[in-house]
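Working notes, structure below.
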DNA sequence: CCTGCTTTTGCAAACGCTTGCAAAATAGTT
DNA sequence: AACTATTTTGCAAGCGTTTGCAAAAGCAGG
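Protein chains in written order, with my numbering: chain G, 6 to 345; chain Y, 6 to 345.
And the structure:
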């Protein structure tokens, strides 16, 4: 870094330095086609010499594009969001977009106001990773025809672009895996049943049982909330059953961690006394002991694809909406034991 | 939500609706003092009725303030950053600032260009959580007199505001704790020794040994890198020592996790055969088994304080630089055993 | 060397807001 | 009621770009 990058250098200074008009500079900078090569050269040199950097605010005021996209998440406090955000971030930076981060965890009602703020020029598009999607929310966006993409969430009316993964299939595969190990009494800890993915996972579990001719026993299904504590509570109930399960399927890794703790509290050992599986494959899943067998949601990829969908939509507003479904993958680690 | 929040409503529309001039509207909106109460009322009603939301870009172009602050982090992929970011986010939203997130993990060299971009109006200030701080970086910022705060990182020349915590003291306390449990052969896995906090932690460890009359044995100190794998490697070396340590102090939780794995690989049991401690208290520390005894860095608070420092500086540029040091706290969990 | 194209460039008008300055309205004094 | 001081308001300029439109430059053909 030899030259000082003075923020007060404007396009006018560059124009003067290069001996052309400011609009020519603007055109060079925005990659306009009809500029003579020698002129372009001169301008670029002047830019270089002056250390000019465009003022993004002015650009977007005038041009209507901000090259910023907003990311709305409930919070940063679980590995799950972090992974998605990572994918988004990577893709965005490939396309030179900046990322404005909004968390909604404090003010539930803020979402609507956020969306408008963003739409008012702050961002060119919005990525939503909000489990509880209120309708008013997407409606506002839709009404304004503002580009947005839903991640790990779908619009029942299919009126939005979205990325999710095969929750049903993942749960099915995982249950089948347990069955193949010889388990037949498989406890299930649900997610927040208000969420579609929680329902899908439960359905996958039921389907797998059904296909294997194993009866579905309601008392083996306990409601959780996708958090560690909920998993602990639910697992405790399962463990206190007269005839306790030989395996527990927790609807996400976090509740699996809770279940693991409950198992230990009961003086039992994983996987010898009981097998535990989770769902998501957040980074912590391989950090716990024993390492958790789970279903990998390609979180970072979901982020990447979501970002990509959004960018496509921003750059070509005519592009039809798309719903992408990514596939999950069974990750076998050490938390299950074969009964055979 | 009953009224449609039309993004094309401008201040002019509000002015017309309220029957005042647009500058009055502007003043009302920016909380200017000398506006008659009844006028303010009228304006607010018009805003309400029209669902007006200010265009942030225009505001900052005209006013020079964007109410956005930039956050520069290496990446989102470790719990550590996430916690800090959470604190920052909370504080920022209290003061109604938005958060622009930049990660540097892909392009090492990008930092300098980011800083200028941000300084050019995109953000009002910058929060840096970058372990390896290059000078050219802060120098650019300083030269432009652009507000910024360093988090978990200091400027050796004390020419920057910063927030960090008592790394030395934390390591000292933790080592003393192990000594009190009866450990005298305490292995140490360093952090990235290029970082000051890594050096401080090592120093704290040495000082505690010294104060307790325990000899410092170089072979008990193995170099790590603050990542899980590095911890695994370093711990393996310690475990292969002719006379292996009875406790291992890993310089951060992530490397402690690696060490735990190494211990298991060696067929040993924690804490019966060997005690392990970490540093940071990232959320995962209480998720692993056995739960990790560690030193809590008040990460979210560091974020909050950093954000606050920055906001203060933005709102009053005359404010002198400040270096804040937060205290660490020993968190005793289950990964250590008393030898007495 | 002029004519009629086509390629390049420049001017001016936005974009939506803030803010200095001056005019208008109101309040306070005699 | 007239006059001054003070509080409120409005006008206009400007923030740094982009972009439509028109003028200038190049270029080829005659």
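No residue lacks a Cβ here, since even glycine has one placed at the ideal position from N, Cα and C.
Length of the line joining the Cα atoms of residue 269 of chain G and residue 258 of chain Y: Walking along the first chain from the start, residue 269 of chain G turns up at place 264. Walking along the second chain from the start, residue 258 of chain Y turns up at place 253. Approximately 22 Å between the Cα atoms of the pair.
Nearest to residue 191 of chain G (by Cα), restricted to the options G:135, G:123, G:256, G:204: Position 186 of the first chain, counted from the first residue, corresponds to residue 191 of chain G. If we check each option's Cα against that of residue 191 of chain G, G:256 comes out closest.
Could you name the residues of chain G that residue 268 of chain Y contacts, counting a contact when the two beta carbons are closer than 7 Å? Here residue 268 of chain Y is taken as the residue at index 263 of the second chain, counted from 1. Simply none; closest approach about 10 Å.
For residue 324 of chain G and residue 311 of chain G, the rounded distance between their alpha carbons: Looking up residue 311 of chain G in the first chain gives position 306. Looking up residue 324 of chain G in the first chain gives position 319. Their backbone Cα atoms lie some 15 Å apart in a straight line.
Taking the alpha-carbon positions, what's the residue 107 of chain G to residue 143 of chain Y distance? Within the first chain, numbered from 1, the residue matching residue 107 of chain G stands at position 102. Within the second chain, numbered from 1, the residue matching residue 143 of chain Y stands at position 138. If I take the Cα positions, the gap works out to 27 Å.
Please report the distance separating the alpha-carbon of residue 40 of chain G from that of residue 50 of chain G. Counting from 1 along the first chain, the entry for residue 40 of chain G is found at position 35. Counting from 1 along the first chain, the entry for residue 50 of chain G is found at position 45. Going by the C-alpha atoms only, they are around 15 Å apart.
Expected contact under 8 Å - CB spacing of residue 244 of chain G and residue 271 of chain G to nearest Å: The residue labelled residue 244 of chain G in the question sits at position 239 within the first chain. The residue labelled residue 271 of chain G in the question sits at position 266 within the first chain. Indeed they touch by this definition, with Cβ atoms about 5 Å apart.
Where residue 169 of chain G falls: helix, strand or coil (DSSP): Within the first chain, the letter at position 164 stands for residue 169 of chain G. Reduced to three states, the DSSP call for residue 169 of chain G is strand.
Mind pulling the chain Y residues with CB within less than 9 Å of residue 106 of chain G? Here residue 106 of chain G refers to the residue found at position 101 when the first chain is read from its first residue. Those within 9 Å of residue 106 of chain G in chain Y are 76, 90, 94, 103, 104, 105, 106.
Verify the CB distance criterion: does residue 165 of chain Y have a CB-CB separation below 7 Å to chain G? As a working note, residue 165 of chain Y is residue 160 in the second chain. Not one chain G Cβ lies under 7 Å of residue 165 of chain Y.
Chain G residues whose Cβ lies nearer than 7 Å to that of residue 293 of chain Y: On the second chain, residue 293 of chain Y is found 288 positions in, with the first residue counted as 1. What residue 293 of chain Y touches in chain G: 292, 293, 294.
Note down, in chain order, every chain Y residue with its Cβ under 7 Å from the Cβ of residue 60 of chain G. The sequence position of residue 60 of chain G within the first chain is 55, counting from 1. By Cβ distance, chain Y contributes 125, 126.
Using the beta-carbon count (16 or more within 10 Å), is residue 7 of chain G buried or exposed? As a first step, residue 7 of chain G is located in the first chain; it is residue number 2 there, counting from the start. Note on residue 7 of chain G: pLDDT 33, under 50, position unreliable in the model; the coordinate value appears next. Per the 10 Å Cβ criterion, exposed.
Against chain G, with Cβ distances strictly below 7 Å, would residue 137 of chain Y count as a contact? The residue given as residue 137 of chain Y occupies position 132 in the second chain. With 7 Å as the cut-off, residue 137 of chain Y does not count as an interface residue toward chain G.
DSSP state of residue 109 of chain G, grouped into three classes? Here the question's residue 109 of chain G lines up with position 104 in the first chain. Coil.
Taking only the alpha-carbon atoms, compute the straight-line gap between residue 165 of chain Y and residue 322 of chain Y and give it to the nearest angstrom. Here residue 165 of chain Y refers to the residue found at position 160 of the second chain. Here residue 322 of chain Y refers to the residue found at position 317 of the second chain. Approximately 13 Å between the Cα atoms of the pair.
With distance defined between alpha-carbon atoms, name the residue in G:287, G:47, G:304 nearest to residue 350 of chain G. Here chain G comprises residues numbered 6 to 345, so residue 350 of chain G is not present and cannot be evaluated.
Using a C-beta cutoff of 7 Å, does residue 17 of chain G count as contacting chain Y? If you number the first chain from 1, residue 17 of chain G lands on position 12. Cβ-Cβ to chain Y under 7 Å: no for residue 17 of chain G.
Suppose the cutoff is 7 Å on Cβ atoms and the five residues either side in sequence are ignored; what does the same chain contact list for residue 59 of chain Y look like? Here residue 59 of chain Y refers to the residue found at position 54 when the second chain is read from its first residue. Answer for residue 59 of chain Y: 34, listed in chain order.
Helix, strand or coil: how does DSSP classify residue 73 of chain Y here? Walking along the second chain from the start, residue 73 of chain Y turns up at place 68. Residue state, collapsed to three classes: strand.
In whole angstroms, what separates the C-alpha of residue 295 of chain G from that of residue 279 of chain G? Counting from one through the first chain, the residue named residue 295 of chain G turns up at place 290. Counting from one through the first chain, the residue named residue 279 of chain G turns up at place 274. Residue 295 of chain G and residue 279 of chain G have their C-alpha atoms spaced approximately 12 Å apart.
Cβ-Cβ distance between residue 213 of chain Y and residue 182 of chain Y below 7 Å: In the second chain, residue 213 of chain Y corresponds to position 208, counting from 1. In the second chain, residue 182 of chain Y corresponds to position 177, counting from 1. Not a contact, by the Cβ cut-off of 7 Å.
May I ask you to report which of helix, strand or coil DSSP gives residue 61 of chain G? To locate residue 61 of chain G, count along the first chain from 1; it is residue 56. Residue 61 of chain G: helix per DSSP, three-state reduction.
Does the segment 53 to 68 of chain G come into contact with the segment 86 to 100 of chain G, if we say contact requires no fewer than three beta-carbon pairs (one atom in each stretch) closer than 8 Å? no
Use the C-beta contact count for residue 25 of chain Y: other C-beta atoms within 10 angstroms, 16 or more gives buried, fewer gives exposed. The residue labelled residue 25 of chain Y in the question sits at position 20 within the second chain. With 16 or more other Cβ atoms within 10 Å, it is buried.
Of the choices G:99, G:220, G:134, G:125, whose alpha-carbon is the least far from that of residue 69 of chain G? Numbered from its first residue, the first chain carries residue 69 of chain G at position 64. It is G:125 whose Cα lies nearest to the Cα of residue 69 of chain G.
Report yes if the CB atom of residue 303 of chain Y is closer than 7 Å to the CB atom of residue 335 of chain Y, and no otherwise. Indexing the second chain from 1 puts residue 303 of chain Y at position 298. Indexing the second chain from 1 puts residue 335 of chain Y at position 330. No, the pair does not count as a contact, with Cβ atoms beyond the cut-off.
Please report whether the beta-carbon of residue 63 of chain Y lies at a distance below 7 Å from any beta-carbon of chain G. For this step, residue 63 of chain Y is matched to residue 58 along the second chain. Interface flag for residue 63 of chain Y against chain G is set, since a Cβ pair is found closer than 7 Å.
Figure out for me which residue from Y:225, Y:339, Y:289 has the closest Cα to the Cα of residue 281 of chain Y. Position 276 of the second chain, counted from the first residue, corresponds to residue 281 of chain Y. The shortest Cα separation from residue 281 of chain Y among Y:225, Y:339, Y:289 belongs to Y:339.
Is it buried or exposed for residue 46 of chain Y, if we count other Cβ within 10 angstroms and need 16 for buried? As a first step, residue 46 of chain Y must be located in the second chain, where it is residue number 41. Its Cβ having fewer than 16 others within 10 Å, residue 46 of chain Y is exposed.
Unbroken beta strand (DSSP E) run spanning residue 153 of chain G, endpoints: Taking the first chain and counting its residues from 1, one reaches residue 153 of chain G at position 148. First-last of the beta strand (DSSP E) with residue 153 of chain G: 153 to 156.
Compute the Euclidean distance between the alpha carbons of residue 267 of chain G and residue 300 of chain G, then round it to the nearest angstrom. Residue 267 of chain G sits at position 262 when you count from the first residue of the first chain. Residue 300 of chain G sits at position 295 when you count from the first residue of the first chain. Taking the straight line from one Cα to the other gives about 21 Å.
Report yes if the CB atom of residue 327 of chain G is closer than 7 Å to the CB atom of residue 96 of chain G, and no otherwise. Walking along the first chain from the start, residue 327 of chain G turns up at place 322. Walking along the first chain from the start, residue 96 of chain G turns up at place 91. Their beta carbons are not under 7 Å apart, which means residue 327 of chain G does not touch residue 96 of chain G by this criterion.
Would a C-beta distance cut-off of 7 Å place residue 247 of chain Y and residue 264 of chain Y closer than the cut-off? Counting from one through the second chain, the residue named residue 247 of chain Y turns up at place 242. Counting from one through the second chain, the residue named residue 264 of chain Y turns up at place 259. The criterion of a C-beta distance shorter than 7 Å is not satisfied by residue 247 of chain Y and residue 264 of chain Y.
Cutoff 7 Å: residue 238 of chain Y Cβ touching any chain G Cβ: As a working mapping, residue 238 of chain Y is identified with position 233 in the second chain. So, not an interface residue.
Local conformation of residue 15 of chain Y per DSSP, three classes: Counting from one through the second chain, the residue named residue 15 of chain Y turns up at place 10. The answer is coil: DSSP assigns residue 15 of chain Y none of H, G, I, E or B.
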